[in-house]
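Residue 1 is where the sequence shown starts when you use UniProt numbering, and the numbers rise one by one after that.
All C-beta atoms, glycine included, are put in the ideal place defined by N, C-alpha and C.
First up is the structure itself, then whatever we jot down about it.
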Amino acid sequence: GASRKYGKYDIPVYSDAQVDKILKKFEESYLVNRGKGVYRYDICQLPSNNPIEDDRSEKFVQVPIQDVMNNNERVDTDWHFWSIFDGHAGWNTSAYLRDKLIDSVITELNSVYKVSDKNLLLVPSNEVIDKAIKAAFLKLDDEIVNKNVQKLLDSPDKHAAASLLMPALSGSCALLSFYETHSKIMKVAVTGDSRALLGSFSEDKNTWTVEALSIDQTGSNPTEVAKLLSEHPNEPNVVRNGRVLGSLEPSRAFGDARYKWAKDIQQKVYNQFFGRQSPANLKTPPYVTAEPIITTHEINPSKHDFMVMASDGLYEMLSNEEIVGLVVKWMESKKMIKPNTGFLSSVWQRSKNQQLPEVIDVTENSGKPKERYRRKEKMNGYLLEDENVSTHLIRNALSNGGSKDDVNLLVSIPSPLSRRYRDDLTVTVVFFNDDEDLSKHATGLIETNKPATFGGLESQVDSKL
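Here it is, written out as C-alpha cells:
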C-alpha cells in the first residue's frame with residue numbers, strides 16, 4: 001500500500017479494511033431491555049499508547065426503594081453506572097479503578113440508603129448522596145496512594161512491590177456517571193479532564209442542544225488554579241504552563257503519588273524499590289486530590305436525551321456541538337429519530353457538502369471549558385458508516401471533517417509516534433428512551449447488540465448483571 005513520510009519516519013498506510021478492523025476492535029454495544037428509560041449504550045476505544053492507558057467499566061444494580069411520594073409503595077429502581085478512566089504514566093491506576101471504583105461507590109451508597117420498616121431502601125438527600133460518592137473516591141485513592149504503600153514499607157516484599165506500587169506511581173482521571181431510573185436523576189462525578197455531555201432536543205428552540213455535565217479540571221481552569229494557589233500560598237509557581245508543578249496537566253487525579261507523598265516517603269520508596277525522583281519544586285504536598293466535583297441533572301428519556309462520555313482525546317479533536325451533531329446524524333440514519341428538517345432535506349442529503357445540524361451549547365458560562373480542539377474551521381463533512389455510535393465518533397474525530405484518507409493515515413501511525421497526533425480514545429454513549437413499546441417488551445436483560453459489537457462478547461455479558 002501507500003506510505004507517507006513523517007519527519008524521518010516512512011509509514012505504510014493501512015487499507016480501509018485494516019483500518020476498520022482496528023477502529024472496531026474494542027467496540028461493544030448493549031441493549032438495555034428493562035423498560036426503565038435506559039435504552040442502549042455503545043462503547044469504543046482506540047489505543048495510541050501500547051498498551052492502552054485508558055480503561056472503562058459499567059454496571060447496573062436493581063434496588064428496591066420505598067416511594068415516599070406514592071404511599072410508601074415498593075419501587076424497583078435501577079442504578080446504572082458508566083465510567084471512563086484516562087490513565088497517564090502507565091495503565092496501572094486506570095486498571096485498578098476499572099476493577100474497584102464502581103463497587104466502592106455502591107458500598108458507600110448502600111451505607112447512606114437506610115432500610116425502612118418495610119425492608120425497603122429510603123432515598124437520602126442529594127447532598128448525602130454526593131458526600132457518599134466523594135467518600136468512595138477519596139477512600140479508594142487513599143488505599144492506592146497510602147495504605148498499599150504503607151503495607152509495603154512495613155514488610156518489604158519485592159514480589160508484591162510492582163502490584164502495590166504501580167497504581168500509586170501511575171495516575172488516572174476518573175469520570176463516573178450514576179443514573180437512577182425512578183427519579184431520572186443523573187449524577188456525574190469527575191476527577192481530572194475527561195468530560196460528559198448531554199444531548200437534548202429543545203422544543204422551544206426547535207433544535208438540538210448540548211450541555212457539558214462536567215468541567216475539565218486542568219492547570220488551565222482558573223477555578224482549579226485559584227484553589228491550588230490558596231492551598232499553597234507561598235508557591236506562586238504551583239501551576240506553570242497550565243500544569244501542576246509545571247508537569248501534570250489534570251489538576252485532580254487518582255494515584256500520581258509523586259504529587260501527594262511527602263519527600264521522605266518518596267525517598268524511601270525510591271531507595272527501597274523503584275520510581276522517579278520527586279519533583280524538584282515539591283514543597284508542600286499533596287498538590288493533587290482525587291476528590292471529584294459532582295453535578296446533578298434531570299434526564300428526559302421521552303425526548304430521546306443521550307449522554308456522551310469520553311477521555312480528553314476526543315475533545316481535542318471535536319467540539320461539544322460537533323459531537324452532539326454527529327450523534328444526531330447517526331440516530332437519524334438508524335431511524336431512532338426523524339430528521340428535524342423540511343421537504344428539502346433529501347435533496348440536501350445528496351448534495352456533496354454534508355453539514356452537521358446546528359447544535360446550541362446551553363452550558364452555563366461557568367461550566368464552559370475552553371475550546372481544546374485543534375481545527376479552526378467548522379467541519380464541512382462527516383462520515384456515516386458505523387453501527388456503533390462510539391466508533392462513529394472516534395472515526396469522525398480522526399477524519400478532519402469527513403476525510404477517509406485522514407482517518408487511515410492517523411490510524412496507521414504506530415505507537416509511540418502516534419501520541420504526537422492522537423491520544424488514547426475512549427467513548428461511551430448512553431441513549432435514553434421510554435417509549436411504551438420498550439417497556440411492554442422488556443425482558444429485564446441487558447443483551448449484547450451484535451451488529452455494533454466487534455469480535456463477539458457473549459461470554460462477557462453475564463458480568464453486567
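Q. Of the residues 17, 19 and 54, which one's Cα is nearest the Cα of residue 313?
A. 54
Q. Could you give the residue range of the beta strand (DSSP E) that holds residue 404?
A. No beta strand (DSSP E) contains residue 404, which is instead part of the alpha helix (DSSP H) from 404-412.
Q. With a CB to CB cut of under 6 Å and the five nearest residues on each side skipped, what residues in its chain are close to residue 331?
A. 337
Q.
So, with DSSP's three-state summary, where would you put residue 82?
A. strand
**Q.** the region 255-272 contacting the region 283-297, beta-carbon criterion three pairs below 8 Å
**A.** yes
Q: Would you identify the three-state DSSP class for residue 292, choosing helix, strand or coil?
A: coil
Q) In three-state terms, what does DSSP make of residue 18? A) helix
Q. Apart from the five residues on each side of it in sequence, which residues of its chain come closer than 7 Å, Cβ to Cβ, to residue 342?
A. The predicted position of residue 342 is uncertain, since its pLDDT is 49 and thus under 50; a value taken from the coordinates is nonetheless stated next. If we look at residue 342 and ignore the five residues flanking it on each side, it has no Cβ neighbours.
Q) Counting only runs that start and end within the region 216-292, where is the alpha helix (DSSP H) found for 4 or more residues in a row? A) 222-231 and 263-272
Q | Buried versus exposed, by CB contacts within 10 Å (16 or more), residue 274 | A | exposed
Q. Where does residue 336 fall in DSSP's three states?
A. coil
**Q.** Close-in-space but distant-in-sequence residues of the same chain around residue 161 (CB under 8 Å, 5 per side omitted)
**A.** 152, 273 and 274
(Q) If contacts are defined as beta-carbon pairs under 8 Å, then residue 148 and residue 164 qualify, I think. What distance do you get, rounded to the angstrom? (A) 4 Å
(Q) Please report the straight-line C-alpha distance between residue 382 and residue 302, rounded to a whole angstrom. (A) 28 Å
(Q) Whole angstroms are fine: how far does the CA of residue 399 sit from the CA of residue 405? (A) 8 Å
Q. According to the Cβ coordinates, are residue 443 and residue 42 closer than 9 Å?
A. no
Q) If you draw a straight line from the C-alpha of residue 62 to the C-alpha of residue 257, how long is it? A) 36 Å
Q: Name, in chain order, the residues that DSSP records as bridge partners for residue 199.
A: 210 and 306
Q) Under the rule that 16 or more other beta-carbon atoms within 10 Å means buried, what is residue 445, buried or exposed? A) exposed
(Q) Taking 9 Å as the threshold (C-beta atoms), are residue 127 and residue 453 in contact? (A) no
Q: Using the DSSP secondary-structure output, state which residues sit across from residue 297 in a beta bridge.
A: 186
Q. What do you get for residue 108, buried or exposed, if any count of 16 or more other CB atoms within 10 angstroms of its CB means buried?
A. buried
**Q.** Bounding residues of the alpha helix (DSSP H) (the contiguous stretch that carries residue 163)
**A.** 158-169
Q) What residue range is occupied by the uninterrupted beta strand (DSSP E) comprising residue 32? A) 28-33
Q: Could you check what DSSP says for residue 356 in three-state terms: helix, strand or coil?
A: coil
Q: Assign residue 345 to one of three DSSP states: helix, strand, or coil.
A: Legend: pLDDT at residue 345 = 49, less than 50; position of this residue unreliable, value from coordinates given subsequently. Residue 345: helix per DSSP, three-state reduction.
Q | Sheet register partners of residue 67 (DSSP bridge) | A | 73
Q. Does the separation of the CB atoms of residue 321 and residue 210 fall below 9 Å?
A. yes
Q. Just the Cα atoms here: how many angstroms apart are residue 394 and residue 207?
A. 24 Å
Q: Identify which residue in 136, 119 and 118 has its Cα closest to the Cα of residue 104.
A: 136
Q: Take the Cβ of residue 172 as the centre, count every other Cβ of all protein chains shown within 10 Å, and call the residue buried at 16 or more, exposed below.
A: buried
Q. What distance in whole Å lies between the Cβ atoms of residue 166 and residue 299, which are believed to be in contact at a cut-off of 8 Å?
A. Not quite, the Cβ-Cβ distance comes to about 37 Å (not below 8 Å), so this is no contact.
Q) Across which residues does DSSP place residue 191 in a beta bridge pair? A) 174
Q: List the endpoints of the continuous beta strand (DSSP E) containing residue 447.
A: 445-448
Q: Taking the CB atoms as reference points, tell me whether residue 86 and residue 23 lie closer together than 9 Å.
A: no
**Q.** heavy atom of the ligand GTP below 8 Å from residue 83 C-beta
**A.** Ligands displayed in this structure: none; no statement on the ligand GTP is therefore possible.
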